[in-house]
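Numbering (the UniProt record's numbering), first residue to last: 1 to 225.
Here it is as structure tokens:
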């Protein structure tokens, strides 16, 4: 499993989300970095959250955002992480998410329902946390809806010319969203790897990693054979 860096804007998100953020990161790979960026001299519930390193950013304007962004770029350039979880509801991390993806890293955003679309779209995947989660828990897709989604995946891979060699799983999500408005975080499985792995009769997956690919089992999906 790939190394995951979890970087949290502690001035923007409450420590009550700590367990859910850890859950998201663990589903992606092996969390090796778990940092919370805050003015550590001020009382906040992140002080009681276990397993996180508090990064004191000071009191300057956007100090936490800047330090988080600097650390993220450093981790990416050093090759210390190939997957990032950026936890914030702040649009200011839009550019960071895009830059990390240009470096070849996968970026999962985590934030509350108020998170602007600019940051959501900059991430390969975005997961909503907070009070809205219970009210909007995804439900299993009906079989006919699953078949339609699988046909769209097959058609997209055929269009991209990667039926035989496969498509990077990290690329599938952004393309499906751009073409069909599909966000896997609204489905029961929540991640593309989980969705594909649950259908071994249709898809073959590489082991986890930033270059991991999905391949169609030819003849199993209409229009992709």
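Ideal placement from N, C-alpha and C gives every residue a C-beta, glycine not left out.
* Asked: Does DSSP put residue 111 in a helix, in a strand, or in coil?
  -> DSSP, reduced to helix, strand and coil, places residue 111 within a strand of the structure shown.
* To do: Would you kindly check if the distance between the Cβ of residue 83 and the Cβ of residue 29 is under 8 Å?
  => In contact: residue 29 and residue 83 (Cβ atoms closer than 8 Å).
* The beta strand (DSSP E) enclosing residue 244, as first and last residue numbers -> With the chain covering 1 to 225 only, the question about residue 244 has no answer from this structure.
* Report the residue from 57, 50 and 34 whose alpha carbon sits nearest the alpha carbon of residue 41. => It is 57 whose Cα lies nearest to the Cα of residue 41.
* Who are the Cβ neighbours of residue 166 in its own chain at under 7 Å, not counting the five residues just before and after it? -> Hits under 7 Å: 213, 214 and 215.
* **Closest residue to residue 39 among 26, 12 and 23 (Cα-Cα distance)** => The candidate whose alpha carbon is nearest that of residue 39 is 12.
* List the residues that DSSP assigns as beta-bridge partners of residue 83. => Its beta-bridge partners are 4 and 106.
* Ignoring anything shorter than 4 residues or poking outside the segment 11-36, list the alpha helix (DSSP H) runs there in chain order. => Taken in chain order, the unbroken stretches of alpha helix (DSSP H) that lie wholly in the segment 11-36 and span 4 residues or more are 18-28.
* Classification of residue 18 by the beta-carbon crowding that lies within 10 angstroms, buried from 16 upward -> Note on residue 18: 16 or more other CB atoms within 10 angstroms of its CB, so buried under the neighbour-count rule.
* Below 8 Å between beta carbons: does that hold for residue 198 and residue 217? -> Taking a C-beta distance under 8 Å as the contact criterion, residue 198 and residue 217 do not qualify as a contact pair.
* Where residue 127 falls: helix, strand or coil (DSSP) -> Note: residue 127 maps to strand in three-state DSSP.
* **Inter-residue spacing [alpha-carbon to alpha-carbon] between residue 21 and residue 3** => Distance from the CA of residue 21 to the CA of residue 3, rounded to the nearest whole angstrom, comes to 15 Å.
* Closer than 7 Å by C-beta to residue 195: which residues in its own chain qualify, once you throw out the five before and the five after it? Chain order, please. => Only 184, 187 and 189 meet the Cβ criterion.
* Exposure of residue 6, with buried meaning 16 or more beta-carbon neighbours within 10 Å -> Burial is judged here by how many other beta carbons sit within 10 angstroms of a residue's own beta carbon; residue 6 has at least 16 and is buried.
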